[in-house]
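J.: Protein chains in written order, with my numbering: chain A, 328 to 628; chain B, 328 to 628; chain C, 328 to 628; chain D, 328 to 628.
My questions all concern the structure below.
Protein chains: 4
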Amino acid sequence: MDLAALLDRIADDVAPEIGRGSVADYIPALARVEPRRFGMAVAEVDGRLHGVGDWRTPFSIQSMSKVFTLALALSHGDGVWTRVGREPSGNPFNSLVQLENEDGIPRNPFINAGALVVTDELAHHGDAAETLLRFLREESGNADIGIDAEVAASEAGHADRNRALAYFMASYRNMRRPVPDVLDQYVRQCSIAMNCADVARSAVFLARHGVRNDGTRLLGLSAAKRVNAVMLTCGTYDAAGEFAYRVGLPGKSGVGGGIVAIVPGRCAVCVWSPGLDARGNSVAGVAALDRFTTLTGWSIF
Amino acid sequence: MDLAALLDRIADDVAPEIGRGSVADYIPALARVEPRRFGMAVAEVDGRLHGVGDWRTPFSIQSMSKVFTLALALSHGDGVWTRVGREPSGNPFNSLVQLENEDGIPRNPFINAGALVVTDELAHHGDAAETLLRFLREESGNADIGIDAEVAASEAGHADRNRALAYFMASYRNMRRPVPDVLDQYVRQCSIAMNCADVARSAVFLARHGVRNDGTRLLGLSAAKRVNAVMLTCGTYDAAGEFAYRVGLPGKSGVGGGIVAIVPGRCAVCVWSPGLDARGNSVAGVAALDRFTTLTGWSIF
Amino acid sequence: MDLAALLDRIADDVAPEIGRGSVADYIPALARVEPRRFGMAVAEVDGRLHGVGDWRTPFSIQSMSKVFTLALALSHGDGVWTRVGREPSGNPFNSLVQLENEDGIPRNPFINAGALVVTDELAHHGDAAETLLRFLREESGNADIGIDAEVAASEAGHADRNRALAYFMASYRNMRRPVPDVLDQYVRQCSIAMNCADVARSAVFLARHGVRNDGTRLLGLSAAKRVNAVMLTCGTYDAAGEFAYRVGLPGKSGVGGGIVAIVPGRCAVCVWSPGLDARGNSVAGVAALDRFTTLTGWSIF
Amino acid sequence: MDLAALLDRIADDVAPEIGRGSVADYIPALARVEPRRFGMAVAEVDGRLHGVGDWRTPFSIQSMSKVFTLALALSHGDGVWTRVGREPSGNPFNSLVQLENEDGIPRNPFINAGALVVTDELAHHGDAAETLLRFLREESGNADIGIDAEVAASEAGHADRNRALAYFMASYRNMRRPVPDVLDQYVRQCSIAMNCADVARSAVFLARHGVRNDGTRLLGLSAAKRVNAVMLTCGTYDAAGEFAYRVGLPGKSGVGGGIVAIVPGRCAVCVWSPGLDARGNSVAGVAALDRFTTLTGWSIF
């Protein structure tokens, strides 16, 4: 399959969707992003890389970081699963309701509460944001990937909800390090800026069932498959069922407008377009992935 | 792969799990089932059939019927999706809470409320239980498949919760036919008795992306894949995330102790063992499917 | 205090509120009511009766009936309290959420689910609607009080939500008689038409701590006080706190626009005006009771 | 009525209840309290004071402080009501669920979230704990009333849940001052130690409809009555309906085992016994108030 030509076609097909939806506006640094951007990249398991549109333009990865921190935490063992569940939440990503009904154990690692637990876990092995940065730079081969300081400062100033989530879990003894430390590392992770090519290259180990670009193994076969399973059931906020239905691939979205998706055994895909739907997923991004699986026939179902 | 030998090995491996858990006891006809039964069958897309243990013993399919009625309703078009969602519920299968918060639209077709809507929709085209029976007999080639009259009578006598769900949806105008009619058809669907071989043969059209055993098409490629997607995210009550994580296949369970799972492009699997875990899924059944995907490497992730 | 003059003054004061809000429109028979009606009556414990405006015009008592059926059920003993609680619900009057979380035991006897239980309890001693009618006729001295057949028929045709509530409780074994029977009696109770004078005279036994107009005792001192307590905490749907705050009297409202309130030791008050606020309480009715307690100083606080 | 003799009789009557229930144990300083303590005091509107048992022994007032801070906040005007509701919560005192559903506006000023808002409001006029201390010393005439430093330190070390509540409200812009400041003032209020006599004398202005012991007015007639109304509907956590039913007086409890209740126009009562029921109210305290209203006939109903 000529993926380069395919990406061109997809970019044409979804053009009417680009600019639709609303750019995240809870912090000024995100609100300023030009809504009509669109980029898409595919990193194949054999190392080939393809892209279209703004695929070399960095954007804020936000919650896409949660896939990588989960994988990094699992590379140290299964311990994190005693502190966070694996079920879809059925509620918005920053809801406290279930957390209360379920004694401070977040439903899954991709809602904010769960990602805070994963960060707390990863922090046993050094600053979680630094660990993540190092991994992303190594996988992508791009040493320039960094934290957007303006986004990080802005996030830190709008973190009361996450702070509430963290203290709430602390009240159930499900937070080991001091909340301000965990929150700081969490905010810096979310504020990393990357382009589609680098995200796709950093995520392709999940299509390779755990094997990194340098041939070493980050995760065992089962663990890697299971990260994909959690992405499928929990990766797109409370629209995971809809995403599985339309796209049929494990995927994780971020409010920066990015989505990363995995075709097991084949490739990782990253798409970026800042306009979000009501549930926080990129409108043009979902449409592009929908076209991608329709045209390739590569859904997992 | 020698699936016959594989099934033998799985039966050995899961022997310690057989008899664990609790047999469904809300009606006497189910409570009487011998807990130490175990059967498993695989129907391949090319027609080959394999089995082990009690794979020729009929059991009550219960909620496994919901996969078939959904597929049959979708064979008439997409209309049902205006009346039922596609998101995991995050709540027990017969909960009313979300139904109230979401104006009488059930979260998905595999919780009881959603299946009542699907039955109501299918009933436009004739008695839904009869339609289902006809389909199951044709696909399995077993004309003896029937409704267990004792189970049906018993279910009808313990249907107050489902009756409440149906009237509740009626109060939101999401029930078209009279509640007693819909409930009667729903109860009879759940009371069908089948063996593992027949279930696997009846479900293999989902592995064949919509094509029935006689080569005709029940569903288009996309629609069939999408039924699989809904099974993955919503098929095992509030344990869908755990099932995706452990087994990695679309699956649908019933409180009779059966689970049907799909390996797209390859086969349908049906396993049966009556002991249920706290969430209503067969203990030995989940274990057997876990072994199956581990040994074959056939998870979708 | 010259209550007749006082009522005239209140009618003047609240004139701007009359016609505000929305008339209940879920059934045609209620939707047709002229919104600009206003009546108010006071029945003193010594038998004196005062009124203003449309105080002799019958209206649909709806949920005000719940106070009387509770008192009648309690006249047979405390048994009903094993099947219904005494706490404010904090949720709309016909919500199923709490019922599910609390195993089919309604929070209090003034939400619909609780009133269905009270009806079921009262039905042990004969048809509950007939028992209620007999009591209301005796207390008011008005043998013409009856059930509005059009309202009753209309309610019966819009009872799916209440039917769902009743079957839901039945699934928890908290419904003793057949649901259709209980529902029929419940609907007829709510469909009784009375005027303000008759309601006030029928309720004054609660101001007399249980003693009826003929000097016999319906309830003991404690039981009567406790009905007042439940009215205060639960009598005005999810606005009970606001009503206690503004009016400071035990009161029970109905979607027909009536409110009955008790001044312990002094009198019962009934006010009627069909325009309802967002929580289902009469706008002009609450305003009139607010004026009444302000002018008389007769709040219980 | 000979209140001194009455209190002796009540102490005898409730003796079997003393020591029942569980002493609050979330902080060591409270867990150490001797469970078999019992004291009760009545402060009449004319200044007479009566007591029995341990009525001169200081204890931790905890949530009873919320009544006084509400009254002090209202003495500056009605502004606080734009930030907190007046409805019973129907949920435990430190729940976050409703807060989320209702956009960060707490249901009432007596759940923790609401009291944090009241503290934030009162803090406009100086340190809220100091303001409260000054008021309590003036009303009781006891200059020795102070903050228990050990309790305060202990509370501050177990405040993650309250910290979560405060940051959660901050995320809805319903917290004006920095969370750490508000929390510090809140913790010190709750850690005040007082005896029954001093609490009763400090609360009797609510029985005098707003007039303090020195004849000056803290609150207008309406405002004072309304504080009583909020106490009745919301003062005893999620047992307010039960307390109204059994006791029939406005009351506010604390997990230190104290309860303060108001008989409008007559007196304030404070009872203390550390054993708590499942909902956090003193077992012997509720029993004593129940006896008190039964023997005096002074319920408000």
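Every residue, glycine too, gets a C-beta built ideally from N, C-alpha and C.
Would a check of beta-carbon distances place B:Asp487 closer than 8 Å to chain C?
T.: Chain C contact via Cβ: present.
J.: For C:His629, does the three-state DSSP call read helix, strand or coil?
T.: In the structure as shown, chain C begins at 328 and stops at 628. Residue 629 of chain C is therefore absent and cannot be evaluated.
J.: Please confirm if C:Glu427 has its CB atom under 8 Å from at least one CB of chain B.
T.: yes
J.: Determine the chain B residues that contact C:Leu423 at a beta-carbon separation under 9 Å, and present them in chain order.
T.: Correct list: Leu423, Val424, Leu426, Glu427, Ala491, Phe495.
J.: Using 8 Å as the cut-off, can you tell me whether the region 407 to 414 of chain A makes contact with the region 435 to 449 of chain A, which would need three or more C-beta pairs spanning the two stretches below that distance?
T.: yes
J.: Within 8 Å of any Cβ in chain D, is that where the Cβ of A:Ser498 sits?
T.: Yes, A:Ser498 counts as interfacial toward chain D.
J.: Residue range of the beta strand (DSSP E) that D:Met521 falls in?
T.: 519 to 521
J.: How would you label C:Leu622, buried or exposed, when you count the other beta carbons within 10 angstroms and need 16 or more for buried?
T.: exposed
J.: Could you tell me the boundaries of the alpha helix (DSSP H) in which A:Gly378 lies?
T.: Here A:Gly378 belongs to no alpha helix (DSSP H); instead the beta strand (DSSP E) covers 376 to 380.
J.: Are the region 488 to 507 of chain A and the region 484 to 504 of chain D touching, with three or more C-beta to C-beta distances below 8 Å?
T.: yes
J.: With 8 Å as the threshold, decide whether the Cβ of A:Tyr564 is near any Cβ in chain B.
T.: no
J.: So A:Pro415 contacts chain F; which residues on that side make the cut at Cβ distance below 8 Å?
T.: Although the question refers to chain F, the structure presented lacks it and instead comprises the protein chains A, B, C and D.
J.: Going by alpha carbons, who is nearest to D:Val526 out of D:Leu334, D:Asn428, D:Met367?
T.: Nearest in C-alpha terms to D:Val526, of all of D:Leu334, D:Asn428, D:Met367, is D:Met367.
J.: Below 8 Å between beta carbons: does that hold for C:Ala442 and C:Lys393?
T.: yes
J.: Is B:Val557 close to chain A? Criterion is C-beta to C-beta, closer than 8 Å.
T.: yes
J.: Looking at chain C, is there any beta carbon in it that lies within less than 8 Å of the beta carbon of D:Gly575?
T.: The Cβ of D:Gly575 sits closer than 8 Å to at least one Cβ of chain C.
J.: C:Asp350 and C:Leu603: beta carbons closer than 8 Å?
T.: Correcting the residue identity first, residue 350 of chain C is Val in this sequence and not Asp. Yes, the Cβ-Cβ distance between C:Val350 and C:Leu603 is below 8 Å.
J.: In the DSSP assignment, find the unbroken beta strand (DSSP E) run with D:Ile337 in it and report its ends.
T.: D:Ile337 -> not in any beta strand (DSSP E); alpha helix (DSSP H) instead, spanning 330 to 341.
J.: Using a beta-carbon distance cut-off of less than 7 Å, what residues from the region 596 to 627 of chain D approach chain C?
T.: Interface annotation for the region 596 to 627 of chain D against chain C: Ser626, Ile627, criterion Cβ-Cβ distance under 7 Å.
J.: To the nearest angstrom, how far is it from the Cα of D:Asp617 to the Cα of D:Arg573?
T.: 6 Å
J.: Whose CA, out of C:Ala440, C:Val407, C:Trp408, lies closest to the CA of C:Leu423?
T.: When the alpha-carbon of C:Leu423 is set against those of C:Ala440, C:Val407, C:Trp408, the nearest one is in C:Ala440.
J.: Give a yes or no on whether 8 Å exceeds the smallest Cβ distance from A:Asn540 to chain B.
T.: Chain B contact via Cβ: absent.
J.: In chain order, what residues of the region 333 to 353 of chain D put their CB closer than 8 Å to some CB of chain C?
T.: none
J.: Given that A:Asn439 touches chain B, what residues does it touch there, using C-beta distances under 8 Å?
T.: Chain B residues near A:Asn439: none, gap ~16 Å exceeds 8 Å.
J.: Less than 8 Å separating the beta-carbons of A:Ile474 and A:Ser529?
T.: no
J.: Expressed to the nearest angstrom, what Euclidean distance is found between the alpha-carbon atoms of D:Ile627 and C:Phe619?
T.: 18 Å
J.: Does any residue of chain A have a CB that is nearer than 8 Å to the CB of B:Asn435?
T.: yes
J.: Just to confirm my understanding: we take D:Asp541, look at its own chain, exclude 5 residues before and 5 after, and list those with CB closer than 8 Å. What are they?
T.: Glu465
J.: Report the three-state DSSP secondary structure of B:Trp599 (helix, strand or coil).
T.: B:Trp599 falls in the strand class under three-state DSSP.
J.: Per the DSSP calculation, D:Lys579 is bridged to which residue(s)?
T.: Bridge partners of D:Lys579 according to DSSP: D:Val587.
J.: Which residue marks the beginning of the beta strand (DSSP E) containing A:Ala278, and which one marks its end?
T.: This structure does not reach residue 278 of chain A, given that chain A is present from 328 up to 628, and the question cannot be answered.
J.: Sorted by chain position, which residues of the same chain lie with C-beta nearer than 6 Å to D:Ala595's C-beta, five sequence neighbours on each side aside?
T.: Ala370, Ala527, Ala530, Val531, Ala534, Ile589
J.: If we define contact as Cβ-Cβ less than 8 Å, is C:Ala550 a contact residue for chain D?
T.: Closer than 8 Å: no.
J.: Taking its Cβ as the centre, do 16 or more other Cβ atoms sit within 10 Å of B:Asp471, making it buried, or is it exposed?
T.: exposed
J.: Can you name the start and end residues of the alpha helix (DSSP H) that A:Ala348 belongs to?
T.: Note that residue 348 of chain A is Gly in the sequence shown, not Ala. First-last for A:Gly348: undefined, no H or E at that position.
J.: Report the rounded CA-to-CA distance for B:Thr560 versus A:Leu376, giving the unit in angstroms.
T.: 31 Å
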